[in-house]
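Below you'll find the structure, written out as structure tokens, and then a few comments.
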Amino acid sequence: MDQRSAAADRDSVVVTGLGDALSTPCDPTPYLRNHKLRKYMGAQDDLAVVAAGRALEAAGLLGASPSERTGLYLAVGYIPFDAEDIDELHAESLEDGRFSMRRFSTDAYPAANPLLAFRCLPNMPAFHVSVNFDVQGPYFVTYPGPGQLYLALEAAAAALDDGTIDVALVGGVAHQRNFLVSHHFHRLDPPVAAERLADGAGCLVLETTTHAALRGAPIRGRLLALDIVYAPHDPFRDPPPPGEWMDDKTNPDEERGAASLPIALARVGPGRYQHRVVTRDGIEAASRWELR
Amino acid sequence: MRRRVVVTGMGVVSPIGNTVATFTENLLTGVSGVGPITLFDPAALPTRIAAEVRWDGPPLADRKIAFALAAADQACLDARSCGTRPRGDGGLSLGVGLELFRMDDLVASRRPGFVLPETLADRLSFLQTPSDLAVHSISHRHGLRTAPLTHVSACAAGTDAIGAAFRLVASGRRRWMLAGGTDSMINPLGVAGFCGIRATSTSNAIPSRASRPFDRARDGFVLGEGAGILVLEALDDARDRGVRIDAEIVGYGNSFDAHGISEPHPEGRGAYQAMARALADAGVDASVIDCINAHGTSTRKNDPIETAAVKRLLGQRAHAVPMCATKSMIGHLISGAGAVEAIAAIACMRAGWVHPTINLDDPDPACDLDYVAHKARPHRQRYVLSNSFGFGGQNAALLFKAFDA
Numbered sequence: 009m010d011q012r013s014a015a016a017d018r019d020s021v022v023v024t025g026l027g028d029a030l031s032t033p034c035d036p037t038p039y040l041r042n043h044k045l046r047k048y049m050g051a052q053d054d055l056a057v058v059a060a061g062r063a064l065e066a067a068g069l070l071g072a073s074p075s076e077r078t079g080l081y082l083a084v085g086y087i088p089f090d091a092e093d094i095d096e097l098h099a100e101s102l103e104d105g106r107f108s109m110r111r112f113s114t115d116a117y118p119a120a121n122p123l124l125a126f127r128c129l130p131n132m133p134a135f136h137v138s139v140n141f142d143v144q145g146p147y148f149v150t151y152p153g154p155g156q157l158y159l160a161l162e163a164a165a166a167a168l169d170d171g172t173i174d175v176a177l178v179g180g181v182a183h184q185r186n187f188l189v190s191h192h193f194h195r196l197d198p199p200v201a202a203e204r205l206a207d208g209a210g211c212l213v214l215e216t217t218t219h220a221a222l223r224g225a226p227i228r229g230r231l232l233a234l235d236i237v238y239a240p241h242d243p244f245r246d247p248p249p250p251g252e253w254m255d256d257k258t259n260p261d262e263e264r265g266a267a268s269l270p271i272a273l274a275r276v277g278p279g280r281y282q283h284r285v286v287t288r289d290g291i292e293a294a295s296r297w298e299l300r
Numbered sequence: 147m148r149r150r151v152v153v154t155g156m157g158v159v160s161p162i163g164n165t166v167a168t169f170t171e172n173l174l175t176g177v178s179g180v181g182p183i184t185l186f187d188p189a190a191l192p193t194r195i196a197a198e199v200r201w202d203g204p205p206l207a208d209r210k211i212a213f214a215l216a217a218a219d220q221a222c223l224d225a226r227s228c229g230t231r232p233r234g235d236g237g238l239s240l241g242v243g244l245e246l247f248r249m250d251d252l253v254a255s256r257r258p259g260f261v262l263p264e265t266l267a268d269r270l271s272f273l274q275t276p277s278d279l280a281v282h283s284i285s286h287r288h289g290l291r292t293a294p295l296t297h298v299s300a301c302a303a304g305t306d307a308i309g310a311a312f313r314l315v316a317s318g319r320r321r322w323m324l325a326g327g328t329d330s331m332i333n334p335l336g337v338a339g340f341c342g343i344r345a346t347s348t349s350n351a352i353p354s355r356a357s358r359p360f361d362r363a364r365d366g367f368v369l370g371e372g373a374g375i376l377v378l379e380a381l382d383d384a385r386d387r388g389v390r391i392d393a394e395i396v397g398y399g400n401s402f403d404a405h406g407i408s409e410p411h412p413e414g415r416g417a418y419q420a421m422a423r424a425l426a427d428a429g430v431d432a433s434v435i436d437c438i439n440a441h442g443t444s445t446r447k448n449d450p451i452e453t454a455a456v457k458r459l460l461g462q463r464a465h466a467v468p469m470c471a472t473k474s475m476i477g478h479l480i481s482g483a484g485a486v487e488a489i490a491a492i493a494c495m496r497a498g499w500v501h502p503t504i505n506l507d508d509p510d511p512a513c514d515l516d517y518v519a520h521k522a523r524p525h526r527q528r529y530v531l532s533n534s535f536g537f538g539g540q541n542a543a544l545l546f547k548a549f550d551a
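Residue numbers (our numbering), protein chains in the order written: chain A, 9 to 300; chain B, 147 to 551.
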């Protein structure tokens, strides 16, 4: 684990907005521009839109972000699927106690709500954020955990540094209290109890110092440093042990996955902070922040 | 100072060949990889055809992981053809498809007395296989010591993965990268899901004729599967190693439509922005483009809007620039599409040919550009644009340049 993939003093990137959404259900209605799309939204979409809306509101950019100069850098958790939807598929696919493709194709498939797919696809939170806040800029939509959130943050900081964009929405969203995500964490070694898994989304608005100054934006903080290292490993044999630290707070009671960093930042007051995470996929990442 | 980035290795697993040489030969001769679904019994599903990979490699439960590993192996071997491997620590940027969900396992899990499989490997493949296992498996196998990037921007993911890797190498933040995409959704839930939103062709009678981008009779895309991986490194490093250079990547752009969930912006705004940003990134204008590898899905909505966006980009030259659709032969590889089509674009550029768009018998009046119908054509290309436009309004484009030292 000797490769530093990013480390820099970053005085050109400032935080102008922070927002989060900590539980489901949460109502995105106040932020919807196109209410016809509401039927397509699942819980992870609701969370992402609310967190982004709150962050943009805090930054004074709600309805006023520069569409083509705003980028979205979003980490999305494992695909969520509720038990009741799976139960229906299961029940309609059985024949003599076994899975039957004949029944699946004649009974389960026609009975399934076609909107289900839209509500769990990992690129849909990005779609709903883009359409409701008119984000037309570049993007990086990644998956599935807190390490990838750090990679999204790295990409956003680079795009701000090189002038590709003026504003970056950096967010994470994890809808984890459902059958399929619980199944995933339950089979790990050691297993993660379903009660530890929390739903949530968080979003930071980052801007270039110049852009924030030009529009007289309130500076909420600065990203001081960012480090990401990785230990390649065989995921089928030797997953590394995870942990999360926000200064002296180790292993919070709940895991918020891809949303952990922005939620942690949105919930603290002024001060200097270090956030560090060791993920189950071998990424060890740390960032230092100054919040006002 | 931005570094020049070149492609020094390529690997492909596709419905028309599992080596770059075979894939290219079949592209240029217009071979269709579409046939009846054999991976499972599609029974009465409306779509019963797909472009399957003929696979005799390791039988992993999740085919897209097996494909990605094989394509990465090929690309790394290709990049070491000069006897040395790329210098410094490498990384990976991969477009990955949806988690595999197995209906058989769902039924098994609901039986009384069910217990999860004993080994972690078996448990991770049970019911749902996390898609990021592909990136860690490749990173482990090839000793890639920088954190891997996963891209889940649907049909644009493979192109985004290459673009992100290009940015990292160009900026000096990574020394070299494996980049590409992989997918396989030819499974009951994958095919049924696309049937449910009426996205796939139901022309089951003659499978090889079903994928017909820009044709008046097109009725949806044909699902394909496969993987494409490129090795990207800085030109200086590649020259020092003396490795063969396949092409240079000079520009990348992506954008949101910020419009409809399954329909592109009616004026192709996002598609145009992605292409224009790739050109701006390269510091060139549209007059340099010699060929376009189209997204060309064979859906009612995509093809005319892509055509309109290209017309806006190229202006009066639009009718003079050939634009071919690889999906006419291999179907839509979803998260793998952009990467495999990038390899198609580079291979054809190197060969001095444009591959055909097969099955284009009767062009849609709204699709009136030169799509190189039926037969490949010799055509010198210095700059080739490769497009991927995703479901959900995520659009990406890459600009490749013939390497001329």
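Note that the Cβ used here is the ideal one computed from N, Cα and C, for glycine as well.
N- and C-terminal bounds of the alpha helix (DSSP H) containing residue i
{"i": "B/A225", "result": "209-225"}
{"i": "A/L212", "result": "A/L212 -> not in any alpha helix (DSSP H); beta strand (DSSP E) instead, spanning 208-216."}
{"i": "B/Y418", "result": "415-428"}
{"i": "A/E162", "result": "154-169"}
{"i": "A/F141", "result": "132-141"}
{"i": "A/M49", "result": "Premise fails: A/M49 is in no alpha helix (DSSP H) and is neither H nor E."}
{"i": "B/T170", "result": "166-174"}
{"i": "B/M552", "result": "Summary: the structure shown does not reach residue 552 of chain B, with chain B confined to residues 147 through 551, and so no result is reported for it."}
{"i": "B/E452", "result": "448-460"}
{"i": "A/S268", "result": "268-274"}
{"i": "A/V189", "result": "187-194"}
Residue span of the beta strand (DSSP E) that contains residue i, given as start and end
{"i": "B/K547", "result": "540-547"}
{"i": "B/N400", "result": "393-402"}
{"i": "A/L124", "result": "Element bounds for A/L124: not the beta strand (DSSP E) but the alpha helix (DSSP H), 123-126."}
{"i": "B/S534", "result": "529-536"}
{"i": "A/W253", "result": "251-254"}
Proximal residues to residue i (C-beta, below 7 angstroms), its chain only, five neighbours per side dropped
{"i": "B/K447", "result": "E409, P410"}
{"i": "A/P46", "result": "Per the sequence shown, residue 46 of chain A should be read as Arg rather than Pro. If we look at A/R46 and ignore the five residues flanking it on each side, its Cβ neighbours are L40."}
{"i": "A/A225", "result": "T24, A67, G68, E215"}
{"i": "A/A116", "result": "L97, E100, S101"}
{"i": "A/R12", "result": "For A/R12, the predicted model reports a pLDDT of 40, less than 50, meaning its position is unreliable; a value from the coordinates is still stated below. Excluding sequence neighbours, A/R12 sits near D235, V237."}
{"i": "B/P334", "result": "F186, M249"}
Close-in-space but distant-in-sequence residues of the same chain around residue i (CB under 6 angstroms, 5 per side omitted)
{"i": "A/Y158", "result": "I236, A293"}
{"i": "B/L262", "result": "R269"}
{"i": "A/D53", "result": "M132, P133, H136"}
{"i": "A/A15", "result": "Because the pLDDT at A/A15 is just 39, under 50, the model does not fix this residue reliably, and the value given afterwards should be weighed accordingly. Result list for A/A15: D235, in chain order."}
{"i": "B/K457", "result": "A464"}
{"i": "A/T32", "result": "A51, D207"}
Identified DSSP bridge partners for residue i
{"i": "B/P524", "result": "B/W499"}
{"i": "B/M469", "result": "B/I438"}
{"i": "B/P509", "result": "B/D361"}
{"i": "A/Y81", "result": "A/F148, A/V178"}
{"i": "A/V23", "result": "A/L214, A/G229"}
{"i": "B/R390", "result": "Paired residues: none, contrary to the question."}
{"i": "A/A29", "result": "A/A209"}
{"i": "A/S295", "result": "A/L234, A/H283"}
{"i": "B/P182", "result": "B/I195"}
{"i": "B/G155", "result": "B/V377"}
{"i": "B/D329", "result": "B/G372"}
{"i": "B/G241", "result": "B/H297, B/G327"}
Cutoff 8 angstroms; reference residue i; Cβ partners in own chain excluding five residues on either side
{"i": "A/V200", "result": "F193, H194, E263"}
{"i": "B/G399", "result": "G309, Q419, A420, M421, A422, R423, A424, L425, A426, D427, A542, A543"}
Three-pair Cβ contact test at 8 angstroms for the segment 167-181 of chain B versus the segment 457-469 of chain B: no
Across the segment 286-299 of chain B and the segment 219-239 of chain B, are there enough close Cβ pairs to call them in contact, namely three or more that are closer than 8 angstroms? yes
Runs of beta strand (DSSP E) wholly within the segment 54-116 of chain A (minimum 3 residues, chain order): 78-84
For the segment 471-489 of chain B against the segment 358-373 of chain B, are there 3 or more C-beta pairs whose distance is under 8 angstroms? yes
Cβ pair count under 8 angstroms reaching 3, the segment 183-197 of chain B against the segment 101-113 of chain A: yes
Counting pairs of beta carbons, one from the segment 150-157 of chain A and one from the segment 79-89 of chain A, are three or more of them closer than 8 angstroms? yes
How about the segment 121-128 of chain A and the segment 241-256 of chain A: do they share at least three Cβ pairs that are nearer than 8 angstroms? no
Taking 8 angstroms as the threshold, find out whether the segment 488-505 of chain B comes into contact with the segment 516-529 of chain B through three or more Cβ pairs. yes
Assess contact between the segment 158-176 of chain A and the segment 155-162 of chain B, defined as three or more Cβ pairs (one per stretch) separated by less than 8 angstroms. Is contact present? no
So within the segment 299-344 of chain B, which uninterrupted beta strand (DSSP E) runs reach at least 3 residues, ignoring any that extend past its ends? 322-330
Sufficient close CB pairs (3 or more, under 8 angstroms) joining the segment 207-225 of chain B to the segment 138-147 of chain A: no
Touch check for the segment 375-394 of chain B and the segment 339-349 of chain B: three-plus C-beta pairs under 8 angstroms? no
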